[in-house]
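In the working numbering, the protein residues as written are 173 to 568. Here a beta-carbon is modelled for each residue, glycine too, at the ideal position from N, C-alpha and C.
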Ligand SMILES: [Zn+2]
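Rendered as structure tokens:
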């Protein structure tokens with residue numbers, strides 16, 4: 173969540189910059205937009221950031237270039253709301269029209285702060301490593317009543333108030349990472365309900381579409397008014413009756429990634445291997461046992477060819493472990509070898525119905541060639557073996 177202190181110091185400077193702006197705005201703007209500017213400014217001063225953003229955006233829209241200084245109010249409100257990418261856009265709009273060296277220096281500094289905050293917000297956090305025994309015990313308690321915590325993208329309901337706070341924070345961090353990896357930095361302008369059920373039995377009772385074996389799942393459905401309702405269901409306690417930290421480290425980001433992908437791909441056929449591979453990449457840390465298994469499977473009897481992997485539409489208990497390991501290995505390989513723009517372009521081609529190998533070739537701007545899948549397979553298998561050898565050497 174927000175580091176509110178980033179705003180305290182520049183606030184005085186901002187007020188003086190905006191005050192300077194006001195005298196000029198009164199000259200260059202229409203009276204109605206000037207009134208709007210004043211209202212937006214006082215909303216900002218009162219900490220009503222969403223209102224300030226809305227009014228200032230209206231001023232920008234209605235008065236056009238004359239009201240360009242309102243961009244600074246829009247940017248500051250977004251910055252305070254931790255919407256760094258959108259704040260960055262608004263700061264740049266202001267900067268493109270501002271000629272004052274001191275104002276430009278101030279705004280450049282804010283752009284830099286947005287960048288740093290954004291980088292920090294998308295860094296994976298392995299929550300289980302940060303929890304003390306005391307904190308875990310607290311997170312294992314189940315209160316009779318439900319607590320609700322909200323953020324920009326999430327409404328979390330849990331029978332443990334501490335847990336609701338922790339989830340809302342880490343859900344935003346995970347979403348930031350997913351948006352950077354999958355949506356190439358785009359925003360996700362939606363709200364997601366997260367329900368935390370105390371036990372697996374309660375989870376299964378409420379998350380009706382969830383697979384038997386799962387402890388978490390997502391759903392994307394239309395309500396009776398045709399609006400899309402986005403939900404993630406989670407389980408608070410493990411089999412031992414204690415808080416299951418895996419829910420924060422793996423299940424929450426994994427299911428969230430599936431939810432984002434379900435909406436991104438819509439009805440387009442995305443290979444299950446890619447879908448699961450991306451969801452595993454969204455998890456807070458790399459599971460080395462998957463990397464090892466992808467290598468040992470190549471050397472043993474349980475090898476799955478790339479063609480077969482891409483054609484797999486469901487897996488069973490017998491082949492699930494190898495399928496997941498190979499899916500992660502393939503997706504991570506493609507992600508590492510392509511630039512973020514190329515990766516995003518590959519996903520966009522898949523969305524339009526291209527098979528994965530064709531989508532990769534198009535994203536790389538190479539002529540579509542029938543031998544490509546074979547060459548991709550050879551290169552990926554060689555990399556899988558290299559990683560397996562590396563990890564094996566570390567274990568010796
Ligand atoms: Zn999955």
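At the C-beta level, residue 469 and residue 475 come within 7 Å of one another.
Listed by position in the chain, the residues whose beta carbon lies within less than 6 Å of some heavy atom of ligand 1 are 426, 430, 448, 451. Sorting 454, 450, 398 by C-alpha distance to the C-alpha of residue 425 places 454 at the top. Pairing residue 368 with residue 408 gives a Cβ-Cβ distance under 7 Å.
Burial state of residue 564 is exposed, judged by a 10 Å Cβ sphere holding fewer than 16 other Cβ atoms. Beta-bridge partners of residue 320 (DSSP): 329. Spatial neighbours of residue 359 in its own chain (CB-CB distance under 8 Å, excluding positions within 5 residues in sequence) are listed in chain order as 255, 257, 258, 351. Between residue 321 and residue 340, the CB-CB gap stays under 7 Å. Put simply, the backbone Cα of residue 413 is about 10 Å away from that of residue 309. Take the alpha-carbon of residue 481 and the one of residue 243: they are about 49 Å apart. Residue 548 and residue 230 have their C-alpha atoms spaced approximately 51 Å apart. Judged by their CB atoms, residue 250 and residue 262 are nearer to each other than the 7 Å cut-off. Comparing alpha carbon positions, the residue from 208, 237, 206, 285 closest to residue 268 is 237. Three or more Cβ pairs closer than 8 Å define a contact, and the stretch 529–542 falls short of that threshold against the stretch 486–501. With distances taken between CA atoms, residue 472 lies nearest to 557 out of 487, 557, 271, 479. Scanning its chain for C-beta atoms nearer than 6 Å, with the 5 sequence neighbours on each side dropped, one finds around residue 390 the residues 404, 427, 430, 431, in chain order. Residue 527 and residue 441 have their C-alpha atoms spaced approximately 9 Å apart.
Beta bridge pairing from DSSP links residue 392 with 402.
Check the Cα spacing between residue 342 and each of 319, 235, 366: the tightest is with 366. Boundaries for residue 360: no beta strand (DSSP E) harbours it, and the DSSP string shows neither H nor E there. Burial check for residue 315: the Cβ neighbour count within 10 Å stays below 16, so the residue is exposed. Scanning 443, 397, 434, 448 for the CA closest to the CA of residue 422 turns up 448. In this structure, 264 is the residue among 271, 511, 264, 485 with its C-alpha nearest to the C-alpha of residue 284. The alpha-carbon separation between residue 223 and residue 216 amounts to approximately 8 Å.
In the structure shown, residue 409 adopts extended strand secondary structure according to DSSP, grouped into three states.
Taking every protein chain shown into account, the CB of residue 206 has 16 or more other CB atoms within 10 angstroms, so this residue is buried. CA-to-CA, the gap between residue 311 and residue 415 works out to about 6 Å. Bridge partners of residue 415 according to DSSP: 409.
Counting other Cβ atoms within 10 Å of its Cβ, residue 566 stays below 16 and is therefore classed as exposed. Within its own chain, the residues whose Cβ lies closer than 8 Å to the Cβ of residue 394, once the five positions on either side in sequence are excluded, are 400, 401, listed in chain order. Contact between residue 552 and residue 464 is absent: CB atoms are separated by about 16 Å, not below the 8 Å threshold.
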